[in-house]
Amino acid sequence: MPASAAPPSRRDWSLRSRAMRAVIYQVVVLGLIGLAIWFLAHNTLTNMRVRGIQSGFDFMTSPAGFDIGERMVPYESNDPYWMAFLIGILNTLRVAIIGIVLTTILGTLLGIGRFSHNALVRGLCYAYVELFRNVPILLQLLMWYLFLIEALPTAGQPIAIFDLFYLGAGGLSYPVPVWGLGQGMAAAGALVGVVLSYLWARRSRLHFEQTGQPRPVLLPSIVLVIGCAAGGWLAGGAPMAWNIPTPGGFSMEGGSSLSPEFIAVLLGLTLYTASYVAEVVRAGIASVPAGQGEAAAALGLSKGQQMRLVSLPQALRVIIPPMTNQYLNLTKNSSLAVAIGYPDVVSISNTAINQTGRAVECISVIMLVYLTTSLVTSGLMNWYNKRSAIKER
Amino acid sequence: MNSATFQAIAARPAPVRSEGLVPWLKRNLFSNLPSSIATVVLVGLALWFLPQLLIWGLTKAVFAANHEQCQAVRGTGACWGVVTEKYRLILFGRYPFDAQWRPLIATIAMVAALVASCVRLFWKPWLVLLWAAMLVLFFGLMFGGFAGMVYVPTERWGGLPLTVLLATLSIVLAFPLAVVVALGRRSNMPAIKTVCVIYVELVRGVPLISVLFMASFMFPLFMPPGTSIDVLLRVLVGITLFSGAYMAEIVRGGLQAIPKGQQEAADTLGLSYWQAQRKIILPQALALVVPGIMNNFIAIFKDTSLVTIVSLYELTGAMGLALNSDSNWRPFKIEAYFFIAAIYFLFCFSMSRYSLWIEKQLSVSKNR
Chain A
0 MPASAAPPSR RDWSLRSRAM RAVIYQVVVL GLIGLAIWFL AHNTLTNMRV
50 RGIQSGFDFM TSPAGFDIGE RMVPYESNDP YWMAFLIGIL NTLRVAIIGI
100 VLTTILGTLL GIGRFSHNAL VRGLCYAYVE LFRNVPILLQ LLMWYLFLIE
150 ALPTAGQPIA IFDLFYLGAG GLSYPVPVWG LGQGMAAAGA LVGVVLSYLW
200 ARRSRLHFEQ TGQPRPVLLP SIVLVIGCAA GGWLAGGAPM AWNIPTPGGF
250 SMEGGSSLSP EFIAVLLGLT LYTASYVAEV VRAGIASVPA GQGEAAAALG
300 LSKGQQMRLV SLPQALRVII PPMTNQYLNL TKNSSLAVAI GYPDVVSISN
350 TAINQTGRAV ECISVIMLVY LTTSLVTSGL MNWYNKRSAI KER
Chain B
0 MNSATFQAIA ARPAPVRSEG LVPWLKRNLF SNLPSSIATV VLVGLALWFL
50 PQLLIWGLTK AVFAANHEQC QAVRGTGACW GVVTEKYRLI LFGRYPFDAQ
100 WRPLIATIAM VAALVASCVR LFWKPWLVLL WAAMLVLFFG LMFGGFAGMV
150 YVPTERWGGL PLTVLLATLS IVLAFPLAVV VALGRRSNMP AIKTVCVIYV
200 ELVRGVPLIS VLFMASFMFP LFMPPGTSID VLLRVLVGIT LFSGAYMAEI
250 VRGGLQAIPK GQQEAADTLG LSYWQAQRKI ILPQALALVV PGIMNNFIAI
300 FKDTSLVTIV SLYELTGAMG LALNSDSNWR PFKIEAYFFI AAIYFLFCFS
350 MSRYSLWIEK QLSVSKNR
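Line order of the protein sequences matches chains A and B. Just so we're aligned, residue 0 is where the first sequence starts under numbering that gives the first Met the number 0, counting upward by one. Just so we're aligned, residue 0 is where the second sequence starts under numbering that gives the first Met the number 0, counting upward by one.
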């Protein structure tokens, strides 16, 4: 059967044609945007010349001249600006990553709690979500900070918890092991344990697929990791030395500590975002039809297997995309740390703007950092989402 | 009658009561052992904690605006006197004290217009006229300068009127922008599509505070030399551009939910692109996204608290302004924080209830 001939693909380029008008619209829009950008750039350059503002990123190598209280890499006030920015970025990432982990745990518990058989637990989770979701995060951060500063005793006389942890207006002090060969060996042992348990999980999956006999995975993995770590620790001479904080006259001595700013930011971000995560998890669980659980029970799966193999994979599909948004929101909201003086990248940039007057450069650094973290986070979550999406064949 | 042949069988047990207080308690509080333990623990905690809270917040609290009394009960009772003393400063910021009836009326008018817009009965074209009249009234009252009212520049505006103004106006202005960008993102024209995608993704990737920094530090550099733009206007433009990007994504979600057949049917009828959008696609899509827009409004309402970082004194900023300079009342900041948190909660909670209600309404019409 001869195929009917396609209509001649001749484009009509008259003024009244769709194609021609599309080209005209696009040229006009691009032209207007170009004009606007040129106008803004021209004004900026003129203003900078008139006001004698220097531009460029050369200031990054000159000494910053301000001290930063909280730093993960060594830094002194005469170190260059790029070091200060690096510390700011690391501080942002630290609070964001720890916050994401804690938020996920708390939010998931709250979301599951909304389905509890116990009315009190249900009501409590509901009240938590509504209370924390409807008050601005900035206000919550300020309140936590004020609470930590005002309600807790002074740094000289902190509250002692088992004489190991001390909580006061100076922050939370906690003991740390004195780093040595033994700890290094223990870390290496734990790493070996992780690799071994991965291999065990793969072997038992293959075994299950071939014979249909399930083998335990979780318990052996935990035993492997802890056992290898303990082995490494023993091989390294079983060091027992801990650096325990002790209250001095005016501040804490020894140990390691978290500043009140960090605790306030972490607490505020975690409690606020957890209320959103709880709703995401609730919606995800509610989206799995009850028949799925019943069908799984009819097949003879245990309650745990039902959850792990049937309900959870389906709920995750609904949960992951909005969860990604919540992680991104948490990271972006960590910029509010500037309001209580936690030295994150926004706070460092703010100081740098006030000292050098290079607003354009510093604000572009902020935007670049957040854009990059946003893209990386959403990239990672997209990859995970693809893994858990429906496999259509 | 032979009574031996008649044997009454035992009465059947009464059906288990499944309604009423006791069965409810049994089912919801003591259904099994873990649940019973949780109930006992939670009730115990409540019995231990709630009386303390009541003593702190009510019985031992000081309601009079007397800071010496407040100092005396510090640590054992709340000092609501700080609210009695400072509520006008917190609610209206640095607005001239004698003229504070003006922002009060302006705020009430704005909130009334918002409530009216939430009622379906008012979803008519003349709602736009109502809003225009309301905005004229709002700015007329706030600025003054006529009919014997003193002129008040925007630097002295503050507190709740500023919060409501920033949230409402930025949403109202962002809405047309969002519709255009959402349509542009679905357009066939590659250049327009790229511009819209870049705008949305760029804005959604950065925090609001960097946009506000831009509005406050960089905006003056963008303007021709010699012109200066009011800081309120700059911040308003920043928040509008920010919320516009988020709202564009919400509107795009609504557009995607409209079946392709609708557009094709409109094409068949010979409607032009804009006719089809205006008469067929947008009315259906926008009805779908009302809950989403409401949630966006709640988010922006909460986010207006950020403008205090670029020194505009809305509710949060006005509270700091009221207390930071007064050493008598500064120790009772936490009570003042509770006060404004309650205001924010009142607004946001009622809006989220409304959003849920309207979502149900929309699904009712779909299920019919």
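Glycine residues also receive a C-beta, built at the ideal position from the N, C-alpha and C atoms.
At the 8 Å Cβ level, is residue i part of the contact set with chain A, yes or no?
i	result
B/I208	yes
B/M376	Because chain B is modelled from 0 through 367, residue 376 of chain B falls outside the range shown and cannot be assessed.
B/T75	no
B/T375	Residue 375 of chain B lies beyond the range of chain B shown here (0 to 367); nothing can be said about it.
B/C78	no
B/L90	no
B/M246	no
B/L41	yes
B/P160	no
B/F381	Because chain B is modelled from 0 through 367, residue 381 of chain B falls outside the range shown and cannot be assessed.
B/Y343	yes
B/R367	Caution is warranted here: a pLDDT of 49 is assigned to B/R367, below 50, making its placement in the model unreliable, and the coordinate value is therefore given only provisionally. By this cut-off, B/R367 is not an interface position.
B/C374	An answer regarding residue 374 of chain B cannot be provided, because it is not within the stretch 0 to 367 covered by chain B.
B/I104	no
B/P223	yes
B/A286	no
B/L220	yes
If you follow the beta strand (DSSP E) that residue i is in, where does it begin and where does it stop?
i	result
B/Y198	Where B/Y198 is concerned, there is no enclosing beta strand (DSSP E), although the alpha helix (DSSP H) it sits in stretches over P189 to G204.
A/G170	G170 to Y173
A/Y165	F164 to G167
On the three-state DSSP scale, how would you describe residue i?
i	result
B/P223	coil
A/A63	coil
A/N242	strand
A/V337	helix
A/P79	strand
B/V163	helix
B/G158	strand
B/P175	helix
B/I357	helix
A/E149	helix
A/E69	coil
A/Y275	helix
A/R201	helix
Shorter than 8 Å from the beta carbon of residue i to some beta carbon of chain B?
i	result
A/I243	no
A/N90	no
A/F402	Because chain A here runs from 0 to 392, residue 402 of chain A falls outside it and cannot be looked at.
A/I365	yes
A/A338	yes
A/V264	no
A/H206	no
A/Q25	yes
A/L145	yes
A/S334	yes
A/S373	yes
A/N117	yes
List the DSSP bridge partners of residue i.
i	result
A/S256	A/S172
A/I158	A/L166
B/C347	Answer by DSSP bridge pairing: none, since B/C347 is not bridged.
B/G143	In DSSP, B/G143 forms no bridge with anything.
B/E313	B/G158
Can you check whether the C-beta of residue i is within less than 8 Å of a C-beta belonging to chain E?
i	result
A/T43	The structure shown contains no chain E; the protein chains it does contain are A and B.
Between which two residues does the alpha helix (DSSP H) carrying residue i extend?
i	result
B/M148	Neither: B/M148 is in no alpha helix (DSSP H) and is coded neither H nor E.
A/A35	R17 to R50
A/F131	A118 to R132
A/V368	A358 to S387
B/D302	V289 to D302
A/T355	V344 to T355
B/K278	From DSSP, B/K278 is part of no alpha helix (DSSP H); its letter is neither H nor E.
Exercise. Can you list the alpha helix (DSSP H) stretches of 4 or more residues lying completely in the region 59-139 of chain B, in chain order?
Worked result: 66-71, 80-91 and 100-117
Problem set entry | Every unbroken alpha helix (DSSP H) within the region 283-318 of chain A, with a cutoff of 4 residues, ordered by chain | 289-297
For this session: Taking only runs that begin and end inside the region 16-46 of chain B, name each unbroken alpha helix (DSSP H) of 4 or more residues, in chain order.
Result: 20-27
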